[in-house]
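Student: Let me begin by handing over the structure; questions about it come next.
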Amino acid sequence: MRSRPRFSPAAAVAGAVLLSVLTACGSGDSTVAKTPEPTATPVTTTSAAPPPPPPTTTTPPPDPCAVNLAAPVIAQAISELPRDPRTSQPWNAEPIAGNYNECAQLSAVIVKANTNAANPNTRAVLFHLGKFIPTGVPDTYGFNDIDAAASTGDTVALKYSGGVAGLSSVVKFRWNGNGVELIGNTPVG
Numbered sequence: 008m009r010s011r012p013r014f015s016p017a018a019a020v021a022g023a024v025l026l027s028v029l030t031a032c033g034s035g036d037s038t039v040a041k042t043p044e045p046t047a048t049p050v051t052t053t054s055a056a057p058p059p060p061p062p063t064t065t066t067p068p069p070d071p072c073a074v075n076l077a078a079p080v081i082a083q084a085i086s087e088l089p090r091d092p093r094t095s096q097p098w099n100a101e102p103i104a105g106n107y108n109e110c111a112q113l114s115a116v117i118v119k120a121n122t123n124a125a126n127p128n129t130r131a132v133l134f135h136l137g138k139f140i141p142t143g144v145p146d147t148y149g150f151n152d153i154d155a156a157a158s159t160g161d162t163v164a165l166k167y168s169g170g171v172a173g174l175s176s177v178v179k180f181r182w183n184g185n186g187v188e189l190i191g192n193t194p195v196g
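Next comes the structure, spelled out in structure tokens:
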């Protein structure tokens, strides 16, 4: 009978260690071989283009030749007027009508007495190139509107309407180069 070779547990452990050392140190099993190769495509970083600057929304300066009934020079001129002769009240600084602009040879605003009366006195305040004309102006009491169609750059057509048929009229004032002159009185039908 043949006997079988006997393996001791120590020999089995030594064999397993030897086998794992030989397998781990094989030629195809180097650290270099296990390190992944760099990829062939280069990594490019793209930066997004900066956003365009916001559009500038600059508002154009106001047109000095536009009608401007809120111009500070109007309130200043009204404050310099003598008081209403009927009520002794000052004039309301807010015009009820007008065509004031800085470029016109002659422009006007219509103001009313600062009173609670049902029918307050009204008057026109005249301006030359945007500047108040304080003296040398014909009487401008009683006008309550401006006829824009009959007014030009050097002529202001002031309207009077008393609410009675046939009593409405338009009176034209013109800048003559040196001052204001009355040039016409036209009844309105």
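Take 8 as the starting number for the sequence shown in the working numbering and just add one per residue.
Note that the Cβ used here is the ideal one computed from N, Cα and C, for glycine as well.
For clarity, every value in this text was computed on a predicted model and none was experimentally measured.
#1: Taking the C-alpha atoms as reference points, what is the distance between Ser95 and His135?
#2: Of all the beta strand (DSSP E) runs that stay within the bounds of the segment 66-94, which reach a length of 3 or more residues?
#3: Please name the residue, chosen from Pro58, Ala172, Ala104, Ala164, that lies closest to Val187 on a Cα-to-Cα basis.
#4: With distances taken from CA atoms, which of Thr122, Pro92, Gly149, Ala124 is nearest Val116?
#5: For Thr142, count the other beta carbons within 10 Å of its own beta carbon; 16 or more makes it buried, fewer makes it exposed. Which is it?
#6: Could you give the first and the last residue of the continuous beta strand (DSSP E) run that contains Phe150?
#7: Excluding the 5 residues flanking Thr129 on each side, which residues of the same chain have their C-beta closer than 8 Å to its C-beta?
#8: Of the residues Cys110, Ala84, Pro68, which one's Cα is nearest the Cα of Ala131?
#9: Run through DSSP, which three-state label would Ala155 get?
#10: Output needed for Leu76: all residues of its chain with C-beta closer than 7 Å, excluding positions within five of it in sequence on either side, in chain order.
#11: I need the straight-line Cα distance from Gly191 to Phe180, nearest angstrom please.
#12: Might you give, ordered along the chain, the residues of its own chain that have their beta carbon closer than 6 Å to the beta carbon of Lys166, omitting 5 neighbours on each side?
#13: Tell me the residue span of the beta strand (DSSP E) that contains Thr142.
#14: Straight-line CA distance for Gly137 to Cys110?
#15: Nearest to Leu174 by CA position, among Gly184, Thr159, Ser158, Thr193, is which residue?
#16: Taking just the CA atoms, how far does Leu113 sit from Pro57?
#17: According to the neighbour-count rule (16 or more other Cβ atoms, all chains shown, within 10 Å of its Cβ), is Val28 buried or exposed?
Tutor: From the atom records:
#1: Translated into positions along the sequence shown, residue 95 becomes position 88. Translated into positions along the sequence shown, residue 135 becomes position 128. Those two C-alpha atoms are separated by around 27 Å.
#2: Scanning the segment 66-94 from its first residue to its last, no whole beta strand (DSSP E) run of 3-plus residues comes out.
#3: On the sequence shown, residue 187 is found 180 positions in, with the first residue counted as 1. Selected option, being the one with the closest Cα: Ala164.
#4: Residue mapping note: residue 116 aligns to position 109 of the sequence shown, counting from 1. When each option's Cα is compared against that of Val116, the closest is Gly149.
#5: The count along the sequence shown starts at 1 and reaches residue 142 at position 135. Thr142 should be labelled exposed.
#6: By one-based count along the sequence shown, residue 150 stands at place 143. No beta strand (DSSP E) contains Phe150, which DSSP labels as neither H nor E.
#7: Locating residue 129 in the sequence shown gives position 122, where the first residue counts as 1. Excluding positions up to five away in sequence, the list reads Ile103, Ile117, Val118, Lys119, Ala120, Tyr148, Gly149, Phe150, Asn151.
#8: Residue mapping note: residue 131 aligns to position 124 of the sequence shown, counting from 1. It is Ala84 whose Cα lies nearest to the Cα of Ala131.
#9: Numbered from 1 along the sequence shown, position 148 holds the residue referred to as residue 155. Helix at Ala155.
#10: To locate residue 76, count along the sequence shown from 1; it is residue 69. Excluding positions up to five away in sequence, the list reads Pro102, Gly105, Tyr107, Val116.
#11: Residue numbering aside, residue 191 sits at position 184 when the sequence shown is read from its first letter. Residue numbering aside, residue 180 sits at position 173 when the sequence shown is read from its first letter. In this structure, the CA atom of Gly191 is about 7 Å from the CA atom of Phe180.
#12: Here residue 166 is taken as the residue at index 159 of the sequence shown, counted from 1. Excluding its 5 nearest sequence neighbours in each direction, Lys166 has C-beta neighbours in its own chain below 6 Å: Asp152, Asp154, Val177, listed in chain order.
#13: As a first step, residue 142 must be located in the sequence shown, where it is residue number 135. No beta strand (DSSP E) holds Thr142; DSSP gives it neither H nor E.
#14: Walking along the sequence shown from the start, residue 137 turns up at place 130. Walking along the sequence shown from the start, residue 110 turns up at place 103. The straight-line gap separating the alpha-carbon atoms of Gly137 and Cys110 is approximately 7 Å.
#15: Taking the sequence shown and counting its residues from 1, one reaches residue 174 at position 167. From the listed residues Gly184, Thr159, Ser158, Thr193, the smallest Cα separation to Leu174 is found for Thr193.
#16: Within the sequence shown, residue 57 is the residue found at index 50, counting from 1. Within the sequence shown, residue 113 is the residue found at index 106, counting from 1. Approximately 54 Å between the Cα atoms of the pair.
#17: Position 21 of the sequence shown, counted from the start, is the residue given in the question as residue 28. Because the pLDDT of Val28 is 48, which lies under 50, any placement of that residue in the model is unreliable, and the number read from its coordinates should be weighed accordingly. Exposed, because fewer than 16 other Cβ atoms sit within 10 Å of the Cβ of Val28.
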